[in-house]
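Okay, so here's the structure we're looking at.
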């Protein structure tokens, strides 16, 4: 597709967002990232345009970092109406992977450059569907599907497992199936009271579970503004609760 076709109607409003009061380096990387995404796709004619996987998205969660190795950034939420995209709230400070970011596997075409790999400490970049919400409580204020986590819930990050990149219940799949996984979902019970997964949602990176391409990518709670993650995006509990309350499956939300 041409750059203009790619940018409109999904990406164009975010060019305007780059003019908002954020750091100059953040704006520069933001515009560079848009240029990469805009130039990566196949050409298509306006008259017979193929649909893009995010054409139905009416909500978007956009995370921007100053560069590929940065561990801090900013999240903005956007809603689409008949007259275009509109900001859905103030910017939210976030932290990402301890090694920065790398291209992930999602709704976007494959990209040249550093690719997300299992255990690399990088958060996946690209366009992704938003999956199930989860948390330690029995319920949460969100219209996303919600999974109340138990001590038996694990996300399988073991490369080669047939359950790779899935959240599973050990009571169902058996204890052997979770052997070697480093991702207990009830981290408060298995990881010295860790509250990271007290609330969160799944970012649908690597949905086909390509081996070694990265697993268990979430948005969840941070420990502090200067903390990092293993490849997720994290923020304060108050900000995440507002985001979950806003997200709606009917709006086909996308995570960028």
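Numbering (this note's numbering), first residue to last: 232 to 487.
Glycine included, C-beta positions come from ideal geometry on N, C-alpha and C.
Handout entry: Contact under 8 Å by Cβ, residue 361 with residue 486
Key = Indexing the chain shown from 1 puts residue 361 at position 130. Indexing the chain shown from 1 puts residue 486 at position 255. By the CB criterion at 8 Å, residue 361 and residue 486 fall inside the cutoff.
Problem - Given 8 Å, three or more beta-carbon pairs between the segment 451-468 and the segment 417-435 - result: The segment 451-468 is in contact with the segment 417-435.
Practice task
Could you tell me which uninterrupted beta strand (DSSP E) segments, each at least 3 residues in length, are contained entirely in the segment 370-398, listed from first to last along the chain?
Solution key: Here the runs fully enclosed are 377-379, 384-386.
Exercise for the section: Compare the C-alpha of residue 342 against each of 442, 331, 355, 351 and name the closest. Expected result: Position 111 of the chain shown, counted from the start, is the residue given in the question as residue 342. When only C-alpha atoms are compared, the closest one is 355.
Practice task
Please go through the same chain and pick out, in chain order, the residues whose beta-carbon is closer than 6 Å to the beta-carbon of residue 260, but skip the five residues on each side of it.
Solution key: Your numbering for residue 260 matches position 29 in the chain shown. With a pLDDT of only 45 at residue 260, under the threshold of 50, the placement of this residue in the model should not be trusted; the figure read from the coordinates follows. Only 297, 298 meet the Cβ criterion.
Handout entry: Range of the contiguous beta strand (DSSP E) that encloses residue 316
Key = Reading the chain shown from its first residue, position 85 is the one you call residue 316. It spans 315-318 - the beta strand (DSSP E) in which residue 316 sits, taken as one unbroken run.
Problem - For residue 451: DSSP bridge partner residues - result: Taking the chain shown and counting its residues from 1, one reaches residue 451 at position 220. Under DSSP, the beta-bridge partners assigned to residue 451 are 431, 465.
Exercise for the section: On a CA-only basis, which of 281, 472, 313 is nearest residue 289? Give me that one, please. Expected result: Counting from one through the chain shown, the residue named residue 289 turns up at place 58. With distances taken between Cα atoms, residue 289 lies closest to 313.
Problem - Which residues DSSP lists as bridging residue 336, in chain order - result: In the chain shown, residue 336 corresponds to position 105, counting from 1. DSSP output for residue 336 lists no bridge partner at all.
Practice task
Can you grab the Cα-Cα spacing for the pair residue 441 / residue 369, in whole Å?
Solution key: The sequence position of residue 441 within the chain shown is 210, counting from 1. The sequence position of residue 369 within the chain shown is 138, counting from 1. Rounded to whole angstroms, residue 441 to residue 369 spans 32 Å at the Cα level.
Handout entry: Opposing strand residues paired with residue 290 [DSSP bridges]
Key = For this step, residue 290 is matched to residue 59 along the chain shown. Partner residues in the beta bridge of residue 290, as assigned by DSSP, are 310.
Problem - Beta-carbon proximity list for residue 452, same chain, < 8 Å, skipping 5 on both sides - result: Locating residue 452 in the chain shown gives position 221, where the first residue counts as 1. So the list reads 426, 427, 428, 429, 430, 431, 465, 466, 467, 468, 471, once near-sequence residues are dropped.
Handout entry: Opening and closing residue of the alpha helix (DSSP H) in which residue 404 lies
Key = Counting from 1 along the chain shown, the entry for residue 404 is found at position 173. Looking at the DSSP string, the run of the alpha helix (DSSP H) that includes residue 404 is 401-404.
Practice task
Under 7 Å Cβ to Cβ from residue 353, same chain only, skipping five residues before and after it: list those, please.
Solution key: Within the chain shown, residue 353 is the residue found at index 122, counting from 1. Cβ-Cβ distances below 7 Å link residue 353 to 328, 330, 331, 332, 333, 347, 462 in the same chain, with the five nearest sequence neighbours on each side left out; the list follows chain order.
Problem - Neighbourhood of residue 306 by C-beta distance below 6 Å, restricted to the same chain and skipping five residues each side - result: Taking the chain shown and counting its residues from 1, the one referred to as residue 306 is at position 75. The residues are 294, 323, 325.
Problem - Close beta carbons around residue 303, own chain, < 6 Å, minus the five adjacent residues each side - result: The sequence position of residue 303 within the chain shown is 72, counting from 1. A distance below 6 Å between beta-carbons, with the five flanking residues on each side excluded, links residue 303 to the following residues of its chain, in chain order: 326.
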